[in-house]
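In what follows, a single structure is set out as structure tokens and then discussed.
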Amino acid sequence: MKEEDNILRKVGTGNPFQVPDGYFENFTSEVMQRLPEKEKPAFVMKEPTLWDKVKPWIYMAAMFAGAALIIRVASDDRQKAAVAEQLAGEVVDMEELSDEDISLAVDNTMLDDYSLYVYLADSETNGISTDAE
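Here it is as structure tokens:
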């Protein structure tokens with residue numbers, strides 16, 4: 002503490018900083034006078050390019066093409082199922098079907114051998130004859 006007291010006696014406790022009289026009264030006006038005049042840039046209207054004009058239409062066409070592709074892919078399986086249902090409802094002469102057609106039909110039913118056997122056994126007991134007459 003002794004050292005601090007000695008320093009305070011030498012330097013003093015008064016404020017060493019002083020402001021000239023009337024400095025803050027004219028401060029704003031003097032600062033504004035010293036600032037250079039800055040011109041505001043005028044808004045320049047830029048002519049849109051051909052790409053700027055066509056871009057929304059191209060994006061919209063791409064969106065519709067993508068939607069059509071998604072719908073086509075999603076509905077492709079349903080169309081196959083609808084065709085299979087139509088064919089299943091028709092009466093087909095067994096003599097006209099080739100072995101390849103029958104094999105394709107059995108593969109598309111997604112039945113294993115046991116399920117196919119049970120189905121054929123049930124159809125015989127219900128009065129439906131599977132034998133070709």
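Just so you know, we're using the working numbering here: the sequence shown kicks off at 2 and counts up by one. No residue lacks a Cβ here, since even glycine has one placed at the ideal position from N, Cα and C. This structure is a prediction, so every number in the text was calculated from the model and none was measured.
VAL107 is not a Cβ neighbour of LEU121, given a cutoff of 8 angstroms.
Here GLN19 carries a coil assignment [DSSP, helix/strand/coil].
A straight-line Cα-Cα distance of about 23 angstroms links GLU38 and PHE25. The straight-line gap separating the alpha-carbon atoms of ILE103 and SER124 is approximately 17 angstroms. Annotation for PHE28: the continuous alpha helix (DSSP H) segment containing it runs 28–35.
Per DSSP, reduced to three states, the secondary structure at THR50 is coil, with no helix or strand assignment. When secondary structure is reduced to three states using DSSP, VAL107 falls in the helix class. In this chain, the alpha helix (DSSP H) harbouring GLU5 covers 3–12.
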